[in-house]
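**Student:** The numbering used here puts the first residue of the sequence shown at 1, with every later residue one more than the last.
Glycine is no exception: its CB is placed at the ideal position from the N, C-alpha and C atoms.
What follows is a structure written as structure tokens; I'll ask about it next.
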Amino acid sequence: MTITRRHGLAFSLAAIPVMRTARAQPAAGWKPSRPVRLVLPFSPGGLTDILARQAAEALTPILGQSVVVENRAGAGGNLAAENVARSAPDGHSLLIATQGIIEINKALYTRLGYDPDADFVPLGMLGQQPNLLVVSAQRYPRETLAEVLSAARGRAGGLSYGSNGAGSFTHLSMELLRSRATAEMTHVPYRGSAPMLTDLVSGTLDIAFDGLGTSLPQVQSGGLRALAVSSPGRSALLPEVPAVAETLPGFDATPWYGVFAAAGTPPAILAAWEAAWQALLTGPAWARILVERQVDPLPGGRDVLIAHIAAERAVWREVVRSTGARAD
């Protein structure tokens with residue numbers, strides 16, 4: 001059977017039973033013939049960059065070739081995605097991506113140099129880290145999420161919520177929450193987390209989703225309260241904090257980090273890569289890395305990533321359409 005580049009996710013769904021057989025043997029069969037690139041849509045130094053570099057170091061002895069991280073930040077991840085989509089489908093260039101690239105950008109950008117639905121094949125999930133839904137600890141010292149939302153429904157103007165900019169994942173997450181809660185909210189976009197968190201602590205701003213790395217220190221210092229985590233269930237990282245889904249069933253706005261090959265990559269190479277990733281992701285060393293970096297594991301291999309994409313893609317694209325957000 002000849003696999004064309006346009007099979008993409010459709011091929012990956014059909015191939016799940018075949019790929020499962022490869023997991024027990026790391027990188028059986030195919031081996032890379034030159035250094036492998038992990039193309040990353042972020043600048044050096046962030047969480048995803050750190051995870052990618054630790055994965056590259058661990059994969060090198062598994063594959064018998066150097067694995068290097070190549071940072072191609074910009075354009076909402078589109079530069080990195082386009083680079084891998086246009087690379088030879090031979091297993092030597094992989095993309096580290098979030099749902100922004102795979103699920104959201106097709107609705108957010110009027111022009112893309114790649115098709116996220118057809119140009120990539122999922123390989124596995126590095127992990128996921130929920131965002132925190134935070135409020136001022138002084139203004140909302142004891143209220144639950146349900147109580148905050150109830151008060152908003154009875155208040156002229158509802159709640160003000162912040163984000164890292166129109167079309168950002170924190171913006172779309174709050175819009176998803178607003179629609180599920182049927183509460184009036186006003187969007188206040190910021191350029192980054194720091195000014196937004198300052199306004200949250202002071203009570204100038206009511207509520208926002210923010211990354212764990214930036215908001216948790218403010219929670220620990222007493223300036224902010226964590227109302228909920230964005231994951232569908234409580235996070236092992238913060239088991240005492242409820243999930244939004246406990247108030248709004250079915251809610252999930254969890255950033256994840258997945259690995260993708262170019263569509264058209266031969267099945268034998270995909271099988272070898274999945275085996276290599278599973279050898280890494282299911283090992284105790286990777287479990288320790290996730291704990292150190294405050295990342296939740298998402299076990300199950302590429303079928304879990306495929307299921308995530310299938311469940312989320314239409315949801316996020318509808319949120320983009322409903323807000324009218326555009327990034328270009």
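Please name the residue, chosen from L224, A137, A228, that lies closest to L177 on a Cα-to-Cα basis.
**Tutor:** Minimum Cα distance to L177 is reached at A228.
**Student:** Please classify Q278 as buried or exposed, where buried requires at least 16 neighbouring CB atoms within 10 angstroms.
**Tutor:** With 16 or more other Cβ atoms within 10 Å, it is buried.
**Student:** Taking three-plus beta-carbon pairs below 8 Å as touching, is the stretch 175-190 in contact with the stretch 154-163?
**Tutor:** With the cut-off at 8 Å, the stretch 175-190 and the stretch 154-163 touch.
**Student:** Quick check on T182 - is its C-beta less than 8 Å from some C-beta in chain B?
**Tutor:** The structure shown contains no chain B; it holds only a single protein chain.
**Student:** Using a Cβ-Cβ cut-off of 6 Å (strictly less than) and excluding sequence neighbours within five positions of S322, which residues of its own chain qualify?
**Tutor:** Cβ within range, chain order: n/a, list empty.
**Student:** Would G100 and F169 qualify as a contact pair, given that the criterion is a beta-carbon distance under 8 Å?
**Tutor:** In contact: G100 and F169 (Cβ atoms closer than 8 Å).
**Student:** Assuming W273 contacts A285 under a Cβ cut-off of 8 Å, what Cβ separation, rounded to an integer in Å, is found between them?
**Tutor:** Actually they are not in contact, since the Cβ atoms of W273 and A285 sit about 19 Å apart, beyond 8 Å.
**Student:** Are G127 and L290 close, meaning C-beta to C-beta below 8 Å?
**Tutor:** Their beta carbons are under 8 Å apart, which means G127 touches L290 by this criterion.
**Student:** How many angstroms separate the CA atom of L197 from the CA atom of R53?
**Tutor:** Going by the C-alpha atoms only, they are around 29 Å apart.
**Student:** Quick check on DSSP: helix, strand or coil for D90?
**Tutor:** Coil, per DSSP.
**Student:** Measuring only the C-alpha atoms, how far is L305 from N83?
**Tutor:** Their backbone Cα atoms lie some 21 Å apart in a straight line.
**Student:** In terms of DSSP beta bridges, what is V295 paired with?
**Tutor:** Answer is none; V295 lacks a bridge partner.
**Student:** Across the stretch 64-72 and the stretch 106-121, are there enough close Cβ pairs to call them in contact, namely three or more that are closer than 8 Å?
**Tutor:** The answer is no - the stretch 106-121 does not touch the stretch 64-72, with fewer than three Cβ pairs under 8 Å.
**Student:** So, are the CB atoms of G76 and A327 less than 8 Å apart?
**Tutor:** A contact, by the Cβ cut-off of 8 Å.
**Student:** Please report the distance separating the alpha-carbon of A81 from that of G213.
**Tutor:** Between A81 and G213, the C-alpha separation is close to 25 Å.
**Student:** I need the straight-line Cα distance from N131 to A194, nearest angstrom please.
**Tutor:** Distance between the alpha carbons of N131 and A194: 15 Å.
**Student:** Might you give, ordered along the chain, the residues of its own chain that have their beta carbon closer than 6 Å to the beta carbon of R234, omitting 5 neighbours on each side?
**Tutor:** Closer than 6 Å at Cβ, skipping near neighbours: A243.
**Student:** T282 to P297, Cα distance in whole Å?
**Tutor:** So the alpha carbons of these two residues sit roughly 9 Å apart.
**Student:** According to DSSP, is Q65 helix, strand or coil?
**Tutor:** Reduced to three states, the DSSP call for Q65 is coil.
**Student:** Counting C-beta neighbours from all protein chains within 10 Å, is the total for A311 16 or more, i.e. buried, or is it exposed?
**Tutor:** By the 10 Å Cβ count, A311 comes out exposed.
**Student:** Would you give the residue range spanned by the alpha helix (DSSP H) that D199 belongs to?
**Tutor:** Looking at the DSSP string, the run of the alpha helix (DSSP H) that includes D199 is 193-202.
**Student:** With C-beta atoms as the reference, is I50 less than 8 Å away from R293?
**Tutor:** Yes, these two residues count as a Cβ contact at 8 Å.
**Student:** Suppose you measure from the CA of D199 to the CA of L205; what does that come to, to the nearest Å?
**Tutor:** Each residue's alpha carbon lies about 5 Å from the other.
**Student:** Roughly how many angstroms separate the alpha carbons of R139 and G203, rounded to a whole number?
**Tutor:** Whole-angstrom Cα-Cα distance: 6 Å.
**Student:** I need the boundaries of the alpha helix (DSSP H) containing V121, first residue and last residue.
**Tutor:** Looking at the DSSP string, V121 is not in any alpha helix (DSSP H); the run it does join, the beta strand (DSSP E), is 120-128.
**Student:** Would S231 be called buried (16 or more neighbouring beta carbons within 10 Å of its own) or exposed?
**Tutor:** Answer is buried; the Cβ neighbour count reaches 16.
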